[in-house]
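Order-wise, the sequence lines are chains A and B. Counting from 1, one number per residue, gives the positions in the first sequence under this note's numbering. Counting from 1001, one number per residue, gives the positions in the second sequence under this note's numbering. For each residue, glycine too, the CB sits at the ideal point set by N, CA and C.
2 protein chains.
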Amino acid sequence: MPHNHKLIYYINKWVSITSDEEAKIISAFELKSAAKKELMLEPGEVCEYIYFITKGAMRSYFVDDKGNEHIFQIRLENGWISDLESFFTQRKSNYYLEALEDVEVLRISSSRLEALYEEVPKLERYFRILFQKAYINSLERLNATMWDSAIERYNDLVKEQSDIFQRVPLVYIASYLGITPESLSRIRKKKS
Amino acid sequence: MPHNHKLIYYINKWVSITSDEEAKIISAFELKSAAKKELMLEPGEVCEYIYFITKGAMRSYFVDDKGNEHIFQIRLENGWISDLESFFTQRKSNYYLEALEDVEVLRISSSRLEALYEEVPKLERYFRILFQKAYINSLERLNATMWDSAIERYNDLVKEQSDIFQRVPLVYIASYLGITPESLSRIRKKKS
DNA sequence: TAACTCACTTGACCTATGATAAGAAATGAA
DNA sequence: TTCATTTCTTATCATAGGTCAAGTGAGTTA
């Protein structure tokens, strides 16, 4: 399946679009590829794009005052990634966006997306639904971080996204879970 | 300012609507009031409505296996509250929605809102923006919960929402911050 | 006035997880 | 096949915050 069609496939799961709208959407996105470890965004820059990953894996992270990296999101193919805050406000980002593997993405700029909402109102519905779900998801992750132990969060992640364990170094997964690599290592030891 | 106009005022901050659209929106929402401690949703029910608070304060919370309450959201007037997961999926909720003070709300059902999106597409834009912002916000709260100490989270809350300290019991604020009332008490002692 | 309740505080102790530092295993480069 | 780098594990110790249990103080009810 060509890259564009994957995007359309996922949009079509939530809103039904005509082939005319499909064409408009496809032409609004640009295809871009990046090698493993390449950065698509650095702190201080404005996040110009929102990215739909068609191949590979990416992460977003920030570096705190003490120089520690904290991972915010890990996304595989068919997921969206961006620094939404910077993307929507057009203010400087505090985040890095990095390719964890060689990746291919479809990207669209903020202004182009605004224009596309006018051309294809159903796309705005798609994004409304997307953010809705992302919000619900993030509240659940918040809940788990507040009230579940690291072990429970680890088990949930294994259950729901076991694929990332095959593809992403454990340091990153630990950070995503909100724990140190050492703690993750202890948890994994107990399990086996 | 009458209740309805408050809602319109906040919608108008993000999308400009005509007086015709305004009328359609206003007539789609129902006014409802509830006394302090009254429940608008209980676990096992489907969350039928999304609520815009025009007066008072509400909280959403759930009760874990050990019988402990965990507060998810605290919202004052001009905020939205619901169990979005249940609202959108129309499946049973795990949450309580409770009035912390005597409240007045404007509520709309899921199906009525879907219909209203068709009548007033700009409203869908408003909700797209609302969820976008809510999502960004929730990611920040997640970040703080993972990487900041309870003291820092407390200070941030004092800075950003000092009004809730005048209106909401500390037990609830502690839970919202993801700590025990005892810990919050210790933090506040150190501060003074 | 006393008795009760609600909201909060205090103290003693405990535990999950962090910090630091060192080592082992895997990967990759020469 | 050796050396270097990256990734993961292990051990020891430190600490933020949890748990439990008792206490204070303001407001309400009787």
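Chain A contact for residue i (CB, 9 Å cutoff)
i: residue 1138 of chain B; result: yes
i: residue 1112 of chain B; result: no
i: residue 1121 of chain B; result: yes
i: residue 1178 of chain B; result: yes
i: residue 1058 of chain B; result: no
i: residue 1088 of chain B; result: yes
i: residue 1186 of chain B; result: no
i: residue 1142 of chain B; result: yes
i: residue 1147 of chain B; result: yes
i: residue 1128 of chain B; result: yes
i: residue 1117 of chain B; result: yes
Short CB-CB distance (under 9 Å) between residue i and chain B
i: residue 85 of chain A; result: yes
i: residue 124 of chain A; result: yes
i: residue 166 of chain A; result: no
i: residue 133 of chain A; result: yes
i: residue 40 of chain A; result: no
i: residue 70 of chain A; result: yes
i: residue 64 of chain A; result: yes
For residue i, the residue or residues it bridges with in DSSP
i: residue 76 of chain A; result: A/57
i: residue 92 of chain A; result: A/46
i: residue 1071 of chain B; result: B/1061
i: residue 41 of chain A; result: A/97
i: residue 52 of chain A; result: A/80 and A/106
i: residue 1031 of chain B; result: B/1106
CB of residue i within 9 Å of CB of residue j, strictly
i: residue 122 of chain A; j: residue 16 of chain A; result: yes
i: residue 172 of chain A; j: residue 74 of chain A; result: yes
i: residue 31 of chain A; j: residue 97 of chain A; result: no
i: residue 99 of chain A; j: residue 38 of chain A; result: yes
i: residue 1167 of chain B; j: residue 1057 of chain B; result: yes
i: residue 55 of chain A; j: residue 69 of chain A; result: no
i: residue 1126 of chain B; j: residue 125 of chain A; result: no
i: residue 131 of chain A; j: residue 1141 of chain B; result: no
For residue i, the first and last residue of its enclosing beta strand (DSSP E)
i: residue 108 of chain A; result: 103–109
Extent of the continuous alpha helix (DSSP H) to which residue i belongs
i: residue 1045 of chain B; result: Residue 1045 of chain B -> no alpha helix (DSSP H), and no H or E assigned at all.
i: residue 1177 of chain B; result: 1170–1177
i: residue 144 of chain A; result: 121–147
i: residue 36 of chain A; result: Note, residue 36 of chain A: premise wrong, no alpha helix (DSSP H); not H, not E.
i: residue 1189 of chain B; result: 1181–1191
i: residue 1158 of chain B; result: 1150–1161
Residue i, buried or exposed, once every other Cβ within 10 Å from all chains shown has been counted against 16
i: residue 198 of chain A; result: Residue coverage of chain A in this structure runs from 1 to 192, which leaves residue 198 of chain A outside it and unanswerable.
i: residue 18 of chain A; result: exposed
i: residue 63 of chain A; result: exposed
i: residue 83 of chain A; result: buried
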